[in-house]
Amino acid sequence: MRVFPIIDLFAGPGGLNEGFSSVKNDDGDYAFKTLASLEMDSFACQTLRLRATYRELVRTGSDLEPYFAYISGEKTWPETLRGDFKTAYTAAKQHVYRVELGEENRPEVDRHIALKLGPESQRGHWALIGGPPCQAYSLAGRSRRTGDETFASDHKHFLYREYLHILSKFRPTIFVMENVKGLLSSKNGDKSMFQTILADLTRLSSGARYEIRSLVVDADPDELEPSDFIIRSEEYGVPQKRHRVILLGIRSDVAHMIPRQVLTKADGAVTVRAALRGMPRLRAETSNRKPKIDQDWKAVQAKALQDVRAVEVTAKPDSAKNGSIAVAAYEAWVRESELALPVQNNPRAHMVSDLARYRVMAELADRIGKSPKYTDLPQSLHPEHRNIGKAGTPFTDRFRVQVWDSPATTVVSHISKDGHYYIHPDPSQARSFTVREAARLQSFPDNYFFEGPRTQQFHQVGNAVPPLLSKQIGELVAGMLQKLKD
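Going from the sequence shown to my numbering is simple: count from 1 and add 111.
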C-alpha cells in the first residue's frame, strides 16, 4: 500500500505529527512519511528532531537502547550521538526546518517545501497538517489582553494566511487545520475571523478549491454550523477536556470520490485516575528552603488538618462514566515502551503557603468530587493577592485541583509559568503536575521526550495537539487517501 507524504506547519513539539506518523496500513506499514516539519521555536525543533530520530530507529529496526539511555539521563548527548543513532539523527534532522512563517520568509519556505515534495508531476496525493499559533484567538489570551490597543493588530491573527499561501501554491489533496475554540468568537473589527478564514480556505488565490468538512458531524458542508467543527477531546479517549476547532479540507476535484466520515466516539471517559495510573508518588520541595523540607511538611500537614475541618462539604456529584475500551487503548498508547521510571517527572518547588493550600484543596476535591473555589477556603488560606476577590478581576480561581474521576481541564502553555491551575488530586502529594503527568493528560507516549529547560517543556506540552486524537484523525485521512488513484 502507498505511503503518503505529509508537511507539518507550525509543528510545535509534534503532537499532530506524532499521531499521523503512528498510523499503519492494513499490511502493517506506516501510512505517512513526514517530509518537512516547520517550526520557529528552537526547543520545539530539538524535540521534533529527537522524536524523528526515534521513529527512524524504529523504522530501520535499529537498537533503541541509546535513545532510552539519553532520555533517562544515563548518557549525555555526545555519548549518544554515535553509530546507528547518529545515522538516524542525520536522516531525521533533514526534515525539521526552523523558520518563522511569515510573508518575508515565503520564498525560503516555498523553496524548502518544493524541494521536499519534488516535481509537481510526480507528487501524487499528500496531506498538509498543522495549526497557526492560537494565542490571538484563545479566550484566555484575549482576556489577559483586555484593553490592549495592540491586540487587534497582532500579527498572529493573520498567520493563517501562511497556511493559505501554502495551500494555494502546493495544493495538497487533504489538509487538517487546528485552532482554539476561541477562533469562533474572535473578530477583526466587525468581521468574524472564523467566517473570514473559512471563506479564504474555500476559494484560494490560485483557483484551488477545497471542501471543508467536520470531523465530528456528518452533514453536508453547506449545512454545517461553526460549532460543528469543535472536537471535544475527552469524547475520543483523551483524559482532558480540550476543545479545539479542527477543519478537514479536501480538494474539490477529488472530494466527490471520498465519502463523508467522522471520528468514532470512545465508549466512555479516560479519567485523571486512569491517566496517572502507575505514576510514582512524589512530594514537592519548598522554594528556597530545601534543608527545612521535613519541618515544612509537618507544618503543612498540621495546618491542612485544621483548615479542612473548617469547610462545609456538599454532596459529591456523579463521576464520569469510565470507558473500559478507551482506557485500554489509552494505556497501550502511552505505555508503548516500558521505562524503569517515568522521565521528566520531577516536581516543581512550591512556597510553603501553597503546599498547605494545595493539600486542603485536594482533600476537599476528593470529598466533593470537584475543585473547590478559593472563596470556599478559610480566610487563612486565601492567596495574598490584592486583586483576588475584586469584581471584574479575570481568573479569580487561580487554584484548581484536577479531580480523580473526571478528565482534566485543558492543559495550556501557561502551565509553564505556574502550576496553580493543575494541582495534583492526591492530598498527600500537595503539588502541581510534573511535565510527564501533564504529558500523560495530553496523551503523549511515555517515551516522548521534550527538550529544553522545564518551563519550555511545559510550554511545549501545553501547546500541542493530543497525539491520541491526532492518530484517530490520521487514520481517517489515510483511509480517505487510499480511496484515490494517483
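Cβ coordinates follow ideal geometry from the N, Cα and C atoms, glycine included.
These numbers were taken from a predicted model, which means no experiment stands behind them.
Quiz item: Thinking just about the alpha-carbon of each residue, which of Ile-323, Val-445, Glu-214, Leu-580 is nearest to the one in Glu-345?
Solution: As a working note, residue 345 is residue 234 in the sequence shown. Of the candidates Ile-323, Val-445, Glu-214, Leu-580, the one whose C-alpha sits nearest the C-alpha of Glu-345 is Leu-580.
Exercise. Would you be able to state if there are at least three C-beta pairs under 8 Å between the stretch 535-554 and the stretch 132-143?
Key: As far as the Cβ criterion goes, the stretch 132-143 does not touch the stretch 535-554, which means the pair count is below three.
Quiz item: So, Pro-536 versus Trp-515, is the Cβ gap smaller than 7 Å?
Solution: Position 425 of the sequence shown, counted from the first residue, corresponds to residue 536. Position 404 of the sequence shown, counted from the first residue, corresponds to residue 515. Yes, these two residues count as a Cβ contact at 7 Å.
Quiz prompt | When Leu-374, Pro-177, Thr-201 are compared against Arg-160, the one with the closest alpha-carbon | solution = Here the question's residue 160 lines up with position 49 in the sequence shown. Of Leu-374, Pro-177, Thr-201, the residue nearest in Cα terms is Thr-201.
Quiz prompt | With 16 other Cβ atoms within 10 Å as the buried cut-off, status of Thr-171 | solution = Position 60 of the sequence shown holds residue 171. The Cβ neighbour count for Thr-171, taken over all protein chains shown within 10 Å, is under 16; the residue is labelled exposed.
Quiz prompt | Distance, Ile-369 Cα to Thr-566 Cα | solution = Along the sequence shown, one-based indexing puts residue 566 at 455. Along the sequence shown, one-based indexing puts residue 369 at 258. Cα to Cα, Thr-566 sits roughly 43 Å from Ile-369.
Self-check item: Alpha-carbon to alpha-carbon, Ala-199 and Pro-218
Solution: Here residue 218 refers to the residue found at position 107 of the sequence shown. Here residue 199 refers to the residue found at position 88 of the sequence shown. Whole-angstrom Cα-Cα distance: 29 Å.
Quiz item: Alpha carbon to alpha carbon, how far is Ser-527 from Gly-318?
Solution: Counting from one through the sequence shown, the residue named residue 527 turns up at place 416. Counting from one through the sequence shown, the residue named residue 318 turns up at place 207. Spanning the two alpha carbons is a distance of roughly 42 Å.
Quiz prompt | Which of helix, strand or coil DSSP assigns to Asn-558 | solution = Translated into positions along the sequence shown, residue 558 becomes position 447. Asn-558 sits in coil when the DSSP states are folded into three classes, being neither helix nor strand.
Self-check item: Cβ pair Ser-279, Ser-325 closer than 7 Å
Solution: Mapped onto the sequence shown, residue 279 falls at position 168. Mapped onto the sequence shown, residue 325 falls at position 214. Not in contact: Ser-279 and Ser-325 (Cβ atoms no closer than 7 Å).
Quiz prompt | Where Ala-122 falls, given that 16 or more other Cβ within 10 Å makes a residue buried | solution = Here residue 122 refers to the residue found at position 11 of the sequence shown. Ala-122 sits buried, since 16 or more C-beta atoms from the chains shown fall within 10 Å of its C-beta.
Quiz item: Hey, out of Arg-320, Lys-135, Phe-305, Arg-314, whose CA is closest to Ala-340's CA?
Solution: Along the sequence shown, one-based indexing puts residue 340 at 229. Note on residue identity: the sequence assigns Phe, not Ala, to residue 340. The shortest Cα separation from Phe-340 among Arg-320, Lys-135, Phe-305, Arg-314 belongs to Phe-305.
Quiz prompt | Residue closest to Val-169, alpha-carbon to alpha-carbon, out of Ala-549, Asn-574, Glu-447, Arg-478 | solution = Here residue 169 corresponds to residue number 58 of the sequence shown, with the count starting at 1. Here the closest residue by C-alpha is Glu-447.
Quiz item: In its own chain, which residues sit with a C-beta less than 6 Å from the C-beta of Cys-156, not counting the 5 before and 5 after it?
Solution: As a working mapping, residue 156 is identified with position 45 in the sequence shown. Counting only Cβ-Cβ distances below 6 Å, and skipping sequence neighbours, we find Glu-150, Val-207, Arg-209.
Quiz prompt | Best match in Phe-269, Ile-277, Gln-583, Asp-333 for proximity to Lys-98 [C-alpha to C-alpha] | solution = Residue 98 cannot be examined here, being either before or after the span of the chain that is shown, 112 to 597.
Quiz item: Just how far apart, CA to CA, sit Thr-158 and Glu-185?
Solution: Looking up residue 158 in the sequence shown gives position 47. Looking up residue 185 in the sequence shown gives position 74. Thr-158 and Glu-185: Cα-Cα distance of roughly 18 Å.
Practice problem: Output yes or no for whether 7 Å exceeds the beta carbon distance between Gln-540 and Arg-392. | Solution: Translated into positions along the sequence shown, residue 540 becomes position 429. Translated into positions along the sequence shown, residue 392 becomes position 281. In this structure, Gln-540 lies near Arg-392, with their beta-carbon atoms less than 7 Å apart.
Quiz item: Taking the runs of the beta strand (DSSP E) that are 3 residues or longer, which of them lie wholly in the stretch 311-353?
Solution: As for any beta strand (DSSP E) of minimum length 3 sitting wholly inside the stretch 311-353, the runs are 321-324, 341-343, ordered along the chain.
Quiz prompt | Coil, strand or helix - Asp-119 by DSSP | solution = Indexing the sequence shown from 1 puts residue 119 at position 8. Strand, per DSSP.
Exercise. Have a look at Val-383, Tyr-441, Glu-396 and flag the residue whose alpha-carbon is nearest the alpha-carbon of Ala-377.
Key: Here residue 377 refers to the residue found at position 266 of the sequence shown. The shortest Cα separation from Ala-377 among Val-383, Tyr-441, Glu-396 belongs to Tyr-441.
Self-check item: Val-356 - DSSP class collapsed to helix/strand/coil
Solution: Within the sequence shown, residue 356 is the residue found at index 245, counting from 1. Three-state DSSP puts Val-356 in a strand.
Self-check item: Ala-155, enclosing alpha helix (DSSP H) - first and last residue
Solution: For the purposes of this step, residue 155 is taken as residue 44 along the sequence shown, with counting starting at 1. Here the alpha helix (DSSP H) through Ala-155 covers 153-170.
Quiz item: Among Val-454, Leu-295, Gly-590, which one has its Cα closest to the Cα of Arg-355?
Solution: Position 244 of the sequence shown, counted from the start, is the residue given in the question as residue 355. Each of Val-454, Leu-295, Gly-590 was checked against the Cα of Arg-355, and the nearest Cα belongs to Leu-295.
Quiz item: Going by beta carbon distance, what residues of the same chain come within less than 6 Å of Arg-353, once the five residues before and after it are set aside?
Solution: Within the sequence shown, the letter at position 242 stands for residue 353. Cβ within range, chain order: Ser-344, Thr-521.
Quiz item: In terms of residue numbering, what span does the beta strand (DSSP E) encompassing Ala-238 cover?
Solution: Counted from its first residue, the sequence shown places residue 238 at position 127. Counted as a single uninterrupted DSSP element, the beta strand (DSSP E) harbouring Ala-238 occupies residues 238-241.
Quiz item: How about Ala-203 and Thr-164: are their beta carbons less than 7 Å apart?
Solution: Along the sequence shown, one-based indexing puts residue 203 at 92. Along the sequence shown, one-based indexing puts residue 164 at 53. A Cβ-Cβ contact shorter than 7 Å links Ala-203 with Thr-164.
Quiz item: Which partner residues does Leu-149 have in the DSSP bridge list?
Solution: Counting from one through the sequence shown, the residue named residue 149 turns up at place 38. Tyr-208.
Exercise. Please check the pair Ile-126 and Pro-556, which I expect to be a contact at CB under 8 Å, by giving their CB distance rounded to whole angstroms.
Key: Residue mapping note: residue 126 aligns to position 15 of the sequence shown, counting from 1. Residue mapping note: residue 556 aligns to position 445 of the sequence shown, counting from 1. For the sequence presented, residue 126 should be read as Gly rather than Ile. Not really, about 11 Å apart at Cβ, beyond 8 Å.
Quiz item: With burial defined as no fewer than 16 other Cβ atoms inside 10 Å of the residue's Cβ, what is the status of Val-220: buried or exposed?
Solution: Counted from its first residue, the sequence shown places residue 220 at position 109. By the neighbour-count rule (16 or more Cβ atoms within 10 Å), Val-220 is buried.
Exercise. Work out the CA separation of Val-383 and Arg-468 for me, nearest whole Å.
Key: For the purposes of this step, residue 468 is taken as the residue at position 357 of the sequence shown. For the purposes of this step, residue 383 is taken as the residue at position 272 of the sequence shown. Cα to Cα, Arg-468 sits roughly 20 Å from Val-383.
Exercise. Whole angstroms is fine: what's the gap from Gln-593's alpha carbon to Asp-487's?
Key: For this step, residue 593 is matched to residue 482 along the sequence shown. For this step, residue 487 is matched to residue 376 along the sequence shown. Approximately 55 Å, taken between the alpha carbons.
Quiz item: If you draw a straight line from the alpha carbon of Leu-120 to that of Arg-272, how long is it in whole angstroms?
Solution: Here residue 120 is taken as the residue at index 9 of the sequence shown, counted from 1. Here residue 272 is taken as the residue at index 161 of the sequence shown, counted from 1. For Leu-120 and Arg-272, the distance between alpha carbons rounds to 12 Å.
Self-check item: For Pro-124 and Phe-561, the rounded distance between their alpha carbons
Solution: Here residue 561 is taken as the residue at index 450 of the sequence shown, counted from 1. Here residue 124 is taken as the residue at index 13 of the sequence shown, counted from 1. When rounded, the distance between both Cα atoms is 7 Å.
Practice problem: Please classify Leu-592: does DSSP put it in a helix, a strand, or coil? | Solution: For the purposes of this step, residue 592 is identified with residue 481 of the sequence shown, where counting begins at 1. DSSP places Leu-592 in helix when its eight states are reduced to three.
Quiz prompt | Nearest-angstrom Cα separation, counted from Gln-513 out to Ala-476 | solution = Along the sequence shown, one-based indexing puts residue 476 at 365. Along the sequence shown, one-based indexing puts residue 513 at 402. Approximately 8 Å, taken between the alpha carbons.
Quiz item: Rounded to a whole number of angstroms, what is the C-alpha to C-alpha distance between Leu-466 and Asp-529?
Solution: Along the sequence shown, read from residue 1 onward, the residue named residue 466 stands at position 355. Along the sequence shown, read from residue 1 onward, the residue named residue 529 stands at position 418. A direct Cα-Cα distance of roughly 13 Å separates Leu-466 from Asp-529.
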